[in-house]
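Taken in order, the sequence shown gives residues 1 to 758; the numbers are from our numbering.
These notes are about the structure you will find just below.
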Amino acid sequence: MAGAAEPAGVLHGLRVLDLARSAAGQLAARQLAESGAEVARLAAAGGDAAAVRQRSKAVLDLDPEAPQDRARLLDLLAGADVLIHDYGPSHAAALGLDDATLTGRFAQLVVCAVTAFPGAGPEADGPCADSLVLARAGMLDEFTGLSRTEGPVYVRAPFATLGAARLALIGVLARLIARRRDGRGGTVRTSLLQGALASMGCVWARAEAPAFAYMSRTLSRRGPAEGGFGNPRYRCADGLWMQVIGVADFLPLMAEALRELGETPPAPPDRPVRGAGLGHVGLPEPLKARAFARRPRAAWLEALWGADVPAFPCLELGEIYADAQARVNGFSVRVEDPAGGASWQPGAPYLTAPPSRIRTPPPGPPDWPPRPPAEVARGPARPPLDGVRVLDLGQYIAGPFLAMILADLGAEVIKLEPVGGDGLRPPASGFWRPAKSFASGNRGKRALAIDLKAPEARPVVDALAAWADVVCHNVRLGAVRRLGLDYETLSADRPELVYCHIDAYGAKGPRADWPGFDPLAQAASGWQMEAAGEGNPPMWMRNAYMDYHCGLQAAAAALLAIHHRQATGRGQFCGASLLGECLQSIGEVTMDDAGNVTPRPRLDAAQTGLSPFDRLYRCEDGRWLALLARTPAERAGLLAAFDAAAPEALEAAVAAWPREYVLARLRDAGVPAEPARQDQMDAFFDSAEARAQGLVAAYDSRDWGRLEQVGALWDFGDLPLRLDRPPPALGENTAGVCAELGVDPTLTARLLERGSLK
């Protein structure tokens with residue numbers, strides 16, 4: 001109805017001051033705004049490139065660097081609940097925005113800082129740029145080069161920035177939950193490095209047991225550019241590419257193509273190969289590639305989808321905005337802008353009640369009366385989610401990672417899995433499943449293995465469901481309904497239950513309840529095509545960042561639901577979607593009604609960069625560096641530093657000198673640059689600095705001996721994280737959990753004997 005007030009969001013009444021100048025903080029603030037908070041952002045941080053990041057926010061004409069604006073800034077902070085900024089430690093201190101000053105003066109304030117690196121060193125004051133952070137950390141060396149086999153590659157998808165944005169949002173929400181409990185605000189710090197590390201756990205981890213090493217060649221750093229066990233991409237007859245995860249060997253269309261090639265089609269197995277078909281060894285990849293090249297992509301997709309084989313076209317960046325499934329679920333939304341016209345943009349990042357939605361900010365600058373002091377709880381500091389109980393039914397990566405994030409924040413998590421184990425848990429023999437991937441989403445939990453289909457085991461299931469405050473998973477909803485573990489069943493007598501679900505394609509439309517996997521999401525988003533560079537076949541990023549980021553979005557949804565329950569006493573169904581995360585990741589481009597996508601820089605064929613001013617360079621000693629000259633002054637300084645008459649001359653000029661000399665020249669010229677380090681995983685885990693910052697978590701595990709993983713993704717200052725429990729062995733805690741839940745010991749023993757428990 002015209003003139004009707006917008007519905008209040010989960011965070012209605014919350015006041016947020018967004019001083020971030022770079023993307024990560026701005027994205028976190030936008031999600032707070034679209035979940036109902038009143039957000040004011042700096043006018044100077046706008047512009048076309050930030051349009052999607054800055055929507056739903058009021059504009060504040062204030063300069064934190066200007067002394068004349070100091071009093072106005074302090075007045076706003078006195079009335080604000082949350083401050084988000086990206087000033088490095090020394091810069092923040094010079095502005096009076098350091099943690100100690102702010103928390104000492106504004107007891108109610110939650111202060112979130114998103115910097116390039118954690119800690120207080122000079123790196124933390126550097127620019128928040130993915131290429132520079134990933135270069136220094138050694139992560140550009142972790143991805144397959146398509147045009148060359150040595151050296152790091154420029155990573156086009158901004159997974160460090162996107163990860164940091166999700167972590168900042170989660171950190172703020174966790175602090176708000178703790179504030180309601182403890183009566184005081186406080187700090188939460190994260191960084192682009194931690195944003196990158198959040199999706200590197202399946203790549204960076206060490207353990208004593210040899211079985212912990214990768215055995216799947218799709219996860220090899222220098223694996224094949226296309227094809228390969230588990231995540232092959234195929235070029236079809238019309239020149240278009242698609243990503244296939246499932247087994248297509250036995251399709252009638254495959255049989256036709258094989259016969260045309262003079263090959264004999266394989267006989268169908270006695271039992272169908274389900275899901276992704278992990279472990280299936282079928283047709284040789286070169287033969288399958290030749291077969292797929294016999295038909296256009298549309299024909300293959302019709303056949304694959306009709307047989308419930310997970311597959312998706314490798315789209316160009318932005319094409320997914322036109323996808324009907326994305327639109328019907330609100331992942332792609334049409335936004336009217338009086339100045340710039342209509343465009344299709346990312347919609348809701350998660351499902352909550354009330355829902356997230358694009359909002360019209362109040363006109364004019366905010367007028368926030370000071371917040372009154374709250375009663376502060378006494379006692380020892382506790383993790384933000386201390387006392388929250390979570391039942392994790394998830395499989396593979398996204399679902400378990402969601403529960404692990406809640407465990408890191410202090411929740412007590414019980415992982416309930418089949419007696420055969422999680423889909424990524426390495427079996428007792430034939431360690432072909434990637435142990436790092438399993439471990440990266442399962443620390444901090446206790447494990448109970450159960451046959452959910454066994455009627456005699458139902459008392460254990462009921463006890464677990466009654467114990468939990470939060471149930472979370474990424475299992476298809478049809479399967480959990482058949483098991484009586486759906487939201488409607490579990491919440492019937494427990495309206496306070498929070499139920500968080502991750503799906504692949506959203507709850508509506510013809511692809512609802514279809515299976516989905518990270519490579520399919522990377523293909524759908526367009527990042528596979530962008531990551532490859534001009535003229536190269538699409539490239540899957542082996543750190544599975546879409547899965548991890550979807551898990552982070554779902555964790556944010558769960559925290560919003562917990563926050564809402566604190567205020568209302570009511571639980572809800574909430575969650576996130578891989579397709580939704582695809583749309584969230586491409587906000588740097590939009591689509592107009594004619595289907596035209598915003599122009600963007602393209603990665604070169606050698607995968608070195610986007611332009612001479614934003615790229616990797618190889619130096620005379622064979623080592624690499626990354627530089628980023630964004631401003632006219634930086635670009636002029638770069639050219640002058642090497643007497644380059646034109647940008648195209650820089651490659652030869654830099655190649656004439658060793659790396660340390662080049663970096664020194666760039667520092668003197670004021671050009672941001674970092675060494676592109678290589679083979680850094682062991683160096684990371686051996687680093688005294690990384691350990692001191694909590695970035696390394698180490699513990700003894702039953703399956704793999706001494707285990708080292710990516711550690712703290714935030715620093716909450718006075719509030720601890722919980723990073724002291726290794727990923728559990730299968731059924732490691734079954735007997736203890738059953739006893740704790742009050743299950744009859746005789747029943748537990750009988751179920752263990754029958755194999756219904758393990």
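Note that CB positions come from ideal geometry on N, CA and C, so glycine has one too.
* Residue range of the unbroken alpha helix (DSSP H) whose run includes C582 -> The residue labelled residue 582 in the question sits at position 582 within the sequence shown. Here the alpha helix (DSSP H) through C582 covers L578 to Q584.
* Extent of the continuous alpha helix (DSSP H) to which H91 belongs -> Position 91 of the sequence shown, counting from 1, holds the residue named residue 91. Counting along the chain, the alpha helix (DSSP H) containing H91 begins and ends at P89 to A94.
* From which residue to which residue does the beta strand (DSSP E) around E417 run? -> Indexing the sequence shown from 1 puts residue 417 at position 417. Where E417 is concerned, the enclosing beta strand (DSSP E) stretches over E412 to E417.
* F159 vs Y545 beta-carbon contact at 9 Å -> Within the sequence shown, numbered from 1, the residue matching residue 159 stands at position 159. Within the sequence shown, numbered from 1, the residue matching residue 545 stands at position 545. With respect to the 9 Å criterion, F159 and Y545 are classified as neighbours on the basis of their beta carbons.
* Is it true that the region 478 to 492 meets the region 443 to 463, where meeting means three or more beta-carbon pairs spaced less than 8 Å apart? -> yes
* To do: List the endpoints of the continuous alpha helix (DSSP H) containing R206.
  => What you label residue 206 is simply residue 206 of the sequence shown in a count that begins at 1. In this chain, R206 is not harboured by any alpha helix (DSSP H); it is covered by the beta strand (DSSP E) spanning A205 to A207.
* Asked: Using a Cβ-Cβ cut-off of 8 Å (strictly less than) and excluding sequence neighbours within five positions of A124, which residues of its own chain qualify?
  -> Against the sequence shown, residue 124 aligns to sequence position 124. Leaving aside the five residues that flank A124 on each side, the residues in its chain whose CB is nearer than 8 Å to its CB run, in chain order, G88, P89, T115, A116, F117, P118 and S191.
* Which whole-angstrom value is the C-beta distance of L464 and I414, which I expect to be below 8 Å? -> Mapped onto the sequence shown, residue 464 falls at position 464. Mapped onto the sequence shown, residue 414 falls at position 414. So it is a contact: roughly 7 Å between Cβ atoms.
* Asked: How would you label G379, buried or exposed, when you count the other beta carbons within 10 angstroms and need 16 or more for buried?
  -> Within the sequence shown, residue 379 is the residue found at index 379, counting from 1. The residue in question, G379, is exposed, as its Cβ has fewer than 16 Cβ neighbours within 10 Å.
* To do: Going by CA-CA distance only, name the one from L97, G347, P515 and A690 that's closest to V52.
  => Taking the first residue of the sequence shown as 1, we reach residue 52 at position 52. Among L97, G347, P515 and A690, the Cα nearest to that of V52 belongs to G347.
* **Buried versus exposed, by CB contacts within 10 Å (16 or more), T748** => Against the sequence shown, residue 748 aligns to sequence position 748. Buried, by the Cβ-count rule.
* In or out: S429 buried (at least 16 other Cβ within 10 Å) or exposed? -> Residue mapping note: residue 429 aligns to position 429 of the sequence shown, counting from 1. Because S429 sits at a pLDDT of 43, beneath the cut-off of 50, its placement in the model cannot be relied upon, and the following sentence gives the value as read from the coordinates. Exposed is the call here.
* **CB of D86 within 9 Å of CB of R21, strictly** => As a working note, residue 86 is residue 86 in the sequence shown. As a working note, residue 21 is residue 21 in the sequence shown. Yes. Within cutoff.
* Could you name the residues of the same chain whose beta carbon sits closer than 6 Å to that of A629, not counting the 5 residues immediately before and after it, in chain order? => Counted from its first residue, the sequence shown places residue 629 at position 629. Correct list, in chain order: F613, R635, L638 and V671.
* L707 versus G421 - alpha carbon distance -> In the sequence shown, the residue the question calls residue 707 occupies position 707. In the sequence shown, the residue the question calls residue 421 occupies position 421. Roughly 20 Å between the two C-alpha positions.
* **Rounded Cβ spacing between A303 and L253 (contact assumed at less than 8 Å)** => As a first step, residue 303 must be located in the sequence shown, where it is residue number 303. As a first step, residue 253 must be located in the sequence shown, where it is residue number 253. With 8 Å as the limit, A303 and L253 qualify as a contact, their Cβ atoms being about 4 Å apart.
* Asked: In whole angstroms, what separates the C-alpha of T631 from that of A339?
  -> Taking the sequence shown and counting its residues from 1, the one referred to as residue 631 is at position 631. Taking the sequence shown and counting its residues from 1, the one referred to as residue 339 is at position 339. Take the alpha-carbon of T631 and the one of A339: they are about 26 Å apart.
* Leaving aside the five residues before and after W704 along the sequence, list all residues of the same chain whose C-beta is less than 6 Å from its C-beta, in chain order. => In the sequence shown, counting from the first residue as 1, residue 704 sits at position 704. Hits under 6 Å: A207, A209 and F212.
* To do: Taking the CB atoms as reference points, tell me whether V388 and V460 lie closer together than 9 Å.
  => Taking the sequence shown and counting its residues from 1, one reaches residue 388 at position 388. Taking the sequence shown and counting its residues from 1, one reaches residue 460 at position 460. No, these two residues do not count as a Cβ contact at 9 Å.
* Work out the CA separation of R295 and I405 for me, nearest whole Å. => The residue labelled residue 405 in the question sits at position 405 within the sequence shown. The residue labelled residue 295 in the question sits at position 295 within the sequence shown. In a straight line, the C-alpha of I405 is about 43 Å away from that of R295.
* **Any beta strand (DSSP E) of 3 or more consecutive residues that is wholly inside the region 454 to 534** => As far as the region 454 to 534 is concerned, its whole beta strand (DSSP E) runs of at least 3 residues are 470 to 473 and 498 to 503.
* Can you round the beta-carbon distance between D679 and D99 to whole angstroms, since I take them to be within the 8 Å contact cut? -> As a first step, residue 679 is located in the sequence shown; it is residue number 679 there, counting from the start. As a first step, residue 99 is located in the sequence shown; it is residue number 99 there, counting from the start. So it is not a contact: roughly 35 Å between Cβ atoms.
* Report the three-state DSSP secondary structure of T190 (helix, strand or coil). => As a position in the sequence shown, residue 190 is number 190, starting the count at 1. In the structure shown, T190 sits in a strand (DSSP, three-state: E or B).
* Of all the options R425, I586 and A479, which has the alpha carbon lying nearest to the alpha carbon of D513? -> Sequence index remark: in the sequence shown, residue 513 carries index 513 (1-based). Checked all of R425, I586 and A479; the closest Cα to D513 is A479.
* Asked: Under a Cβ-count criterion, where at least 16 other Cβ atoms within 10 Å of its own Cβ denotes burial, should R259 be classed as buried or exposed?
  -> Reading the sequence shown from its first residue, position 259 is the one you call residue 259. With fewer than 16 other Cβ atoms within 10 Å, it is exposed.
* Considering only the beta carbon of each residue, do R235 and Q243 sit closer than 9 Å? -> Against the sequence shown, residue 235 aligns to sequence position 235. Against the sequence shown, residue 243 aligns to sequence position 243. Contact flag unset, no.
* To do: Pick out whichever of D715, E648, A646 and L627 has its Cα sitting closest to the Cα of A676.
  => In the sequence shown, the residue the question calls residue 676 occupies position 676. Of the candidates D715, E648, A646 and L627, the one whose C-alpha sits nearest the C-alpha of A676 is L627.
* Asked: Which class does A605 belong to by DSSP, given the choice of helix, strand or coil?
  -> Counting from one through the sequence shown, the residue named residue 605 turns up at place 605. In this structure, A605 counts as coil in the three-state DSSP scheme.
* Asked: Per the contact definition of three or more C-beta pairs closer than 8 Å, is the region 309 to 317 in contact with the region 588 to 604?
  -> Yes, the region 588 to 604 is in contact with the region 309 to 317.
* Might you give, ordered along the chain, the residues of its own chain that have their beta carbon closer than 6 Å to the beta carbon of R511, omitting 5 neighbours on each side? => Translated into positions along the sequence shown, residue 511 becomes position 511. Q325 and Y505.
* On the DSSP bridge assignment, give the partners of C112 in chain order. => In the sequence shown, residue 112 corresponds to position 112, counting from 1. The partner list for C112 (beta bridge, DSSP) reads I84 and V188.
* Asked: What residue does the beta strand (DSSP E) around S701 start on, and which one ends it?
  -> Taking the sequence shown and counting its residues from 1, the one referred to as residue 701 is at position 701. Unbroken beta strand (DSSP E) run through S701: V696 to S701.
* Asked: For I84 versus A28, is the C-beta spacing smaller than 9 Å?
  -> On the sequence shown, residue 84 is found 84 positions in, with the first residue counted as 1. On the sequence shown, residue 28 is found 28 positions in, with the first residue counted as 1. Contact: yes.
* Touch check for the region 366 to 384 and the region 690 to 700: three-plus C-beta pairs under 8 Å? -> no
* Taking all protein chains shown into account, decide if T149 is buried (16 or more other Cβ within 10 angstroms of its Cβ) or exposed. => For the purposes of this step, residue 149 is taken as residue 149 along the sequence shown, with counting starting at 1. Classification for T149: exposed.
* For P224, count neighbouring Cβ atoms within 10 angstroms of its own Cβ and tell me buried if that reaches 16, exposed if not. => For the purposes of this step, residue 224 is identified with residue 224 of the sequence shown, where counting begins at 1. The predicted model places P224 with a pLDDT of 41, which falls under 50 and marks its position as unreliable; any figure quoted below should be read in that light. Under this definition P224 is an exposed residue.
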